[in-house]
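Undergrad: Pasting a structure here, questions to come.
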Amino acid sequence: MASPPPPFPQQSHMRPGMPPTGPQPGGPAPRPLPLQGALPNSPAMFRPQRPPAGPGGAFTAPGQPQAHGQPGVPTFGGSQPVGPPNGGQQFRPSPLHHQDSFRQSSASLPGLQPGQQAGHQPGYQPVSQPGPQAGHHPGFQPVSQPGLQTGHQPGYQAMSQPGPRPMPPQAISPVPPGFGRPQPGSAQSAGGLGTMTPASVPASAPMQPQQPLTSSVPGAPQQLSQPPTSGMPAMDGLANQVGAMHIGPTGGSRSTRAKRVYASPPGSTADLHAPGGQVPPMPGVGAQQYGAQFGQPGMPGVSGPQVGQPSAFGHGPGQPGLHPHPGQSLQQGMPSQPVPPSFIPQPGPGFAQAPTFQHPSQPSMQPGMQPGMQPGMQPGMQPGMQPGMHPSQAAPPQARSRIDPNQVPSPILVQENDQAIYQNAPYSTTSRSVPPLASTIFKAIDDGTCNPRFIRLTTYNIPCTEELANTTSVPLGLVVQPLANLSHEEDPIEVVDFGEQGPVRCNRCKAYVNPYFRFIDGGRKFVCNLCSFENEVAPEYFMNLDMSGRRMDIMRRPELRRGTVEFIASKEYCARPPKPASYVLAIDVSWNAIQSGMLKRAVEAIRELLYAQEKTLPPGTRVGIMTFDKSVHFYNLKPTLDQPQMLVVPDIGDIFVPLNEGFLVDPTESRSVIENLLDTLPTIFEGNRISEPALGAAVQAAYAALKEYGGKLTVFQTMLPTFGPGPLKNREDIKLLGTDKERTLYEPQEYFWKKLAQDCSQSGICVDMFLFPTAYIDVATIGSLSAITGGDLYQYVNFDVNRDGLRFAEDLKRSLTQLFGYDALLRIRASNGLKVVEHFGNFYMKNSTDVELAGLTSQTAIGVAIKHDGKLDEKQESAFQAALLYTTATGERRIRVHNISVPNTALLGNVFRYAEMDTTINYLMKAAIAQTVNSSLKAVRDRLAEKCVKILAAYRKHAASSSSPGQLILPESFKLYALYTLCMLKLKAFRGGPEMSTDVRVFNMRMLKALGVPESIPLLYPRLMQLHELPPQCGEVDERGRIRLPPLIRVSQERLSSAGAYVIENGQQIMIWLGRGISQEFLRSVFGVDSLDAVDSKMRTIPAFDNPTSVRTRAILDQLQADRARYLYLQIVRQQMDQFAEVEFNNLLVEDQNLDNMTYVDYLVAVHRQIQMELSAS
């Protein structure tokens, strides 16, 4: 079918002697889960401040000698018995601790044998999992000693609806002056949360030793000397208890450390090393090693109670209970918590069936029934099914851990407590405290150190020696986000103009003037804070000093008061006259682009972008449009023309720009011509049959047009470029996965593309790529255009206009309207004794010091590795300066300078105490992505898992060595590190296996390399909230002008109710999960339908209705969108109806077993085993 004649003149531009050529015609190229239950209203960890980090918590393994107290009584780092209980050994009390005791868990019922499993139902796999290989984790080696023993903590029942968790009391150890988070309720925090201590212990004195409280009558409630706490539920054995531990020489002033001890009752579980243990083995841990006995080598083992014998807690069989905390008692008549039948272990494959124990409170099982089946179920039904339910509707069993997930460190509570500190109190950047978490909404006051939105460190106490840094295993580095957006509550960055002479700089290291320059000799000299060099002050900058040694004009000098300033660059910083940014849009018009609807949606989005009611592009911006298939088409858009002119360059082997003027135009002046072109482009190419777009030639042409100006090139591409310069071939080969050659799949296959990207970078041309593949497109190669130039990469696999059209339009709008700088150069400087050794991100470097960024946005972040270059003075501070030379989108040449200074330390404890885990995780992700070009993905995963073990083992060995070997002790600052490591391994960038294409994996790798710290946290641990029962004021505007969001929920299936509606967001997408039992009233109010079947799961926006539920729901979704730089596309998930969407939703529940990875609790158990192995090996 012949193409219709163009509606305006078409010219073919050829050099003299060229054969007449033109576009050549060519052929066309051509699971559901019934989730029940709700958030248990059980106490979890409460941290009103980030106290000095100490032993964060420990699980006491069964069979391990207890740190304090009698065998069989879990210890929590609290006060200890004064005398030898039950004739046992006497123990020495520890200061500022308190005792917590509880009865043994249901998993330790008499009759359980070491080989039995708890909670596992054989015979079927969870349908939401991609495969049966669950629990594989890299980087862990076999261990011979028993690991962390798990135990189910009875006494808690799930509430019908998620609600706020009660906050347990805790003893707060003193915080040394200087560092640490402000205490809630203090003048600094004004968070409204006071310091809480147990009722029986004065806040100013350590707790006194107590006798363990037990009942002499089996099954009787435990009576305490303290009155019951009104309204406080009984607290689990793993509730956070805070004590003190001395580190360092005795005597004199000593620093105290927070100590968290997590313990499961000794003897309460089957040996995790026994055959058939429920926790999946770590890689390299074979089944033959699961026969290890209780106890450490050389230590007597401790066995659990036998059938008919009373337990170590003084209870007879069938009477599991819970000892209350000091200061509260169980109510009379409280029924004992029955043992769920699913907790009756099953033998592993190849092992004989051990005798089972039927709990007296449970009805007897009928023949043919499986453990975990409810009364009234017929033989043959699967556990988790209700009578009358089809087998496909049964909830897949998740391996129930014998540790209550409510008692392990919770990111929700950590975030909520940190938010409470800064809810009404600002953060002073010179407060010498660890900054707010990356997820916290805060207001920063820049009074000499830069806002943490610009620079974050992995630790805010720098170790004095490289040996100390290696001992801690905490990486030394920082993450820089030079153009990060400020909060609307914060003061804008001040601009300083030094005139033609430029800003004041150190003559030796070239550092820019900053608040840490020290002026001496009456103001005639200054000492550089980075290199300690004494510099003469220029006469025009001289000013006398006051009595305190400060310049008398300091209040008029922002560069001496602010941690971040911008200097107007003088001519010596300008290689060419700065101009407003120019934008070129290169659109693929091949057959695939027409058939998918991409071309039509692209021109619509461009029109909306350029001519929306609000002004979207900066003033002075120039725009050019070009299209390409086997030829490259330029368009003359001069405002004096009545209609645009198309100029075709068919010789793509020797590309050139046929226009001297009229290609880059002012979109306002040429509006009629541009709109004419956008209207007619789909018509011009609707009959195009060319299926081989010449992407390389199009980028070469755009480079030729922009190299004198700089700016941004936005490319729309639909398929693998097999024609023209730099042709590519399909190299997808799953046989290479897991081999040494796998890394070749993540590198560009043609040098042509890398060289083209470097040319663009050196000319200040940033390339944004919008990819619409239906097959392999080699993101590793063509995506290097974005990776090297600092641009963004967007991908829409199997593009569908109805599904992806809105997302594409919003992504394009945000790409071209967000804060943008181009032709940039970044230099990171460190003070004496430290040096910058490596950078991680999307950029280009010609040398080892200067990071060249053809373009960067407010979301661009770069990781920087720091190394010792000598010994640091503990009395001095380490300083870092990030200087960014760039051109703004409006055409101003600026130098943005960020400064930060932190103390040095010779104490290992301080390195952990002031560590910042959010930044550490982001830094390690960037470093891991950089390793994929030299190592296999499996090796990278192994190193990530190994790093987690080394950091936690280093703390355990050097900061908590006196604790029992059976305890897992976590530093306060890194108590979520194991969880976040597990979440990292579940990311698409690190996920192995042939189920995921190389393109998708590389796309996610490139995204992580440029991701800032605030954006990486929800990607690791998504935000989950309920919508069906909103608390008062949720969905309404708060005092900060934000929409108040519902309370966060931990991301696990256990927290969901089939009668609820939930929204989950991870910075990339929003999913609304609707349970089968959702109320008709909610569906009618929000979706305008009466049944779940009538909800359109393909909708990408929520309909607007005039009722409170609809208004508040849409306000919450709008706030989630406003919190992210990228548009979050909406996906509706109906329980047991939208199978593939529900699998994707389940994959976001990172605490559960999914994506061939363990549950959070199981991973914590495995990490503990490896820590024990690490300690025993050393």
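Just so you know, we're using full-length UniProt numbering here: the sequence shown kicks off at 1 and counts up by one. For glycine and all other residues, C-beta sits at the position ideal for the given N, C-alpha and C.
(1) Please go through the same chain and pick out, in chain order, the residues whose beta-carbon is closer than 7 angstroms to the beta-carbon of threonine 449, but skip the five residues on each side of it.
(2) Taking all protein chains shown into account, do 16 or more other C-beta atoms lie within 10 angstroms of the C-beta of threonine 640, making it buried, or fewer, making it exposed?
(3) Count Cβ pairs between the region 605-622 and the region 660-669 that sit closer than 8 angstroms; are there 3 or more?
(4) From valine 1013 to glycine 549, what distance separates their C-alpha atoms?
(5) Using the Cα positions of proline 1018 and alanine 861, report the straight-line distance between them to the nearest angstrom.
(6) What is the DSSP secondary structure of arginine 1042, counted as helix, strand or coil?
(7) If we cut at 8 angstroms on Cβ distances, does isoleucine 788 have a partner in chain D?
(8) Going by DSSP in three states, alanine 757 sits in which element: helix, strand or coil?
(9) On the premise that valine 589 lies in contact with alanine 701, defined as a C-beta separation below 8 angstroms, what is that separation, rounded to the nearest angstrom?
(10) Would you list the one or two residues that DSSP bridges to glycine 855?
(11) Would you give the residue range spanned by the alpha helix (DSSP H) that aspartate 1118 belongs to?
(12) Which residues mark the beginning and the end of the alpha helix (DSSP H) in which serine 1085 is found?
(13) Between alanine 854 and threonine 722, what straight-line distance do the alpha-carbon atoms span, to the nearest angstrom?
(14) Could you tell me the distance, in whole angstroms, from the CA atom of proline 650 to the CA atom of lysine 755?
(15) Using DSSP with H/G/I as helix, E/B as strand and the rest coil, what is leucine 793?
(16) Provide the residue span of the alpha helix (DSSP H) that contains cysteine 506, from first to last.
(17) Quick check on the burial criterion: 16 or more other C-beta atoms within 10 angstroms. Buried or exposed for phenylalanine 519?
(18) Please state whether the Cβ-Cβ distance between valine 565 and valine 897 is less than 8 angstroms.
(19) Using a Cβ distance threshold of 8 angstroms, determine whether the region 406-419 contacts the region 438-458, with at least three qualifying pairs required.
(20) From the DSSP output, which residues share a beta bridge with proline 463?
(21) Please give the ranges of any alpha helix (DSSP H) in the region 539-602, keeping only runs that are unbroken, at least 4 residues long and fully inside the region.
(22) If I measure Cβ to Cβ from cysteine 948 and keep anything under 7 angstroms in the same chain, skipping five residues before and after, which residues do I get?
(23) Under 8 angstroms: do the region 916-925 and the region 952-966 share three or more Cβ pairs, one atom per stretch?
(24) If you check the beta carbons only, do tyrosine 822 and cysteine 760 fall under 8 angstroms apart?
(25) Excluding five sequence neighbours on each side, which residues of the same chain lie with their C-beta closer than 7 angstroms to the C-beta of serine 831?
(26) Name the residue from Arg1169, Lys867, Ser1058 whose alpha carbon lies nearest to the alpha carbon of asparagine 470.
(27) Could you check the C-alpha separation between threonine 774 and asparagine 798 for me, to the nearest Å?
(28) Taking the straight line between their C-alpha atoms, what separation do you get for proline 326 and arginine 1050?
(29) Quick one: Cα of glutamate 747 to Cα of glycine 790, how far?
(30) In the DSSP assignment, find the alpha helix (DSSP H) that holds histidine 958 and state where it starts and stops.
(31) Tell me, to the nearest whole angstrom, how far the beta carbon of lysine 938 is from that of glycine 841; I am working on the premise that it is less than 8 angstroms.
(32) Between Met1025, Thr887, Leu1056, which has its C-alpha nearest isoleucine 1070's C-alpha?
(33) Taking Cβ positions, are alanine 586 and leucine 678 nearer each other than 8 angstroms?
(34) Tell me the start and end of each unbroken alpha helix (DSSP H) in the region 427-479 that is at least 4 residues and wholly inside, in chain order.
(35) Run through the DSSP bridge pairs and tell me what lysine 867 is partnered with.
(36) I'd like the list of long-range same chain contacts for glycine 764, defined as Cβ closer than 6 angstroms, with 5 residues on each side in sequence excluded.
TA: Quick look at the numbers:
(1) Closer than 7 angstroms at the Cβ level, and outside the excluded window around threonine 449, lie Thr429, Thr430, Gly563, Asn899, Ile900, Ser901.
(2) Label assigned to threonine 640: exposed.
(3) Inter-segment contact for the region 605-622 and the region 660-669 is present: three or more beta-carbon pairs are separated by less than 8 angstroms.
(4) Just so you know, the alpha carbons of valine 1013 and glycine 549 end up roughly 38 angstroms apart.
(5) Cα-Cα distance, rounded: 16 angstroms.
(6) Coil at arginine 1042, not helix or strand.
(7) This model lacks chain D altogether; it includes just one protein chain.
(8) Alanine 757: helix per DSSP, three-state reduction.
(9) That belief does not hold up - the Cβ atoms of alanine 701 and valine 589 are roughly 14 angstroms apart, past 8 angstroms.
(10) In the DSSP secondary-structure assignment, glycine 855 is bridged to Tyr822.
(11) Start and end: 1108-1122.
(12) 1080-1086 is the span of the alpha helix (DSSP H), which, as asked, contains serine 1085.
(13) CA-CA distance, alanine 854 to threonine 722, rounds to 27 angstroms.
(14) One C-alpha to the other measures close to 23 angstroms.
(15) Strand, per DSSP.
(16) DSSP places cysteine 506 in no alpha helix (DSSP H); its state is neither H nor E.
(17) By the neighbour-count criterion, in which 16 or more other beta carbons inside 10 Å mark a residue as buried, phenylalanine 519 falls on the buried side.
(18) Closer than 8 angstroms, so yes.
(19) Segments in contact, yes.
(20) Thr905, per the DSSP bridge assignment.
(21) You should have 591-596.
(22) Leaving aside the five residues that flank cysteine 948 on each side, the residues in its chain whose CB is nearer than 7 angstroms to its CB run, in chain order, Tyr977, Ala978, Thr981, Val1167.
(23) Judged by Cβ distances under 8 angstroms, the region 916-925 makes no contact with the region 952-966, as fewer than three pairs qualify.
(24) No, these two residues do not count as a Cβ contact at 8 angstroms.
(25) Residues Asn529, Leu530, Ser878, Ala879 of the same chain have their beta carbon placed closer than 7 angstroms to that of serine 831, with the five preceding and five following residues left out of the count.
(26) Cα-wise, what sits closest to asparagine 470 is Lys867.
(27) Cα to Cα, the separation comes out at about 5 angstroms.
(28) Here proline 326 scores only 34 on pLDDT, less than 50, and its place in the model should not be relied on; the value that follows carries that caveat. Distance between the alpha carbons of proline 326 and arginine 1050 is about 28 angstroms.
(29) So the alpha carbons of these two residues sit roughly 17 angstroms apart.
(30) Here the alpha helix (DSSP H) through histidine 958 covers 937-959.
(31) Taking the Cβ atoms as the reference, lysine 938 lies roughly 24 angstroms from glycine 841, outside the contact range of under 8 angstroms.
(32) That would be Met1025, whose Cα lies nearest to the Cα of isoleucine 1070.
(33) Taking 8 angstroms as the cut-off, the Cβ atoms of alanine 586 and leucine 678 do not count as close.
(34) Counting only unbroken stretches of 4 or more residues, the alpha helix (DSSP H) elements lying wholly within the region 427-479 are 466-472, in sequence order.
(35) BP columns for lysine 867 point to Lys835.
(36) Excluding residues within five positions, the ones whose Cβ falls inside 6 angstroms are Gly710, Tyr822, Asp823, Ala854.
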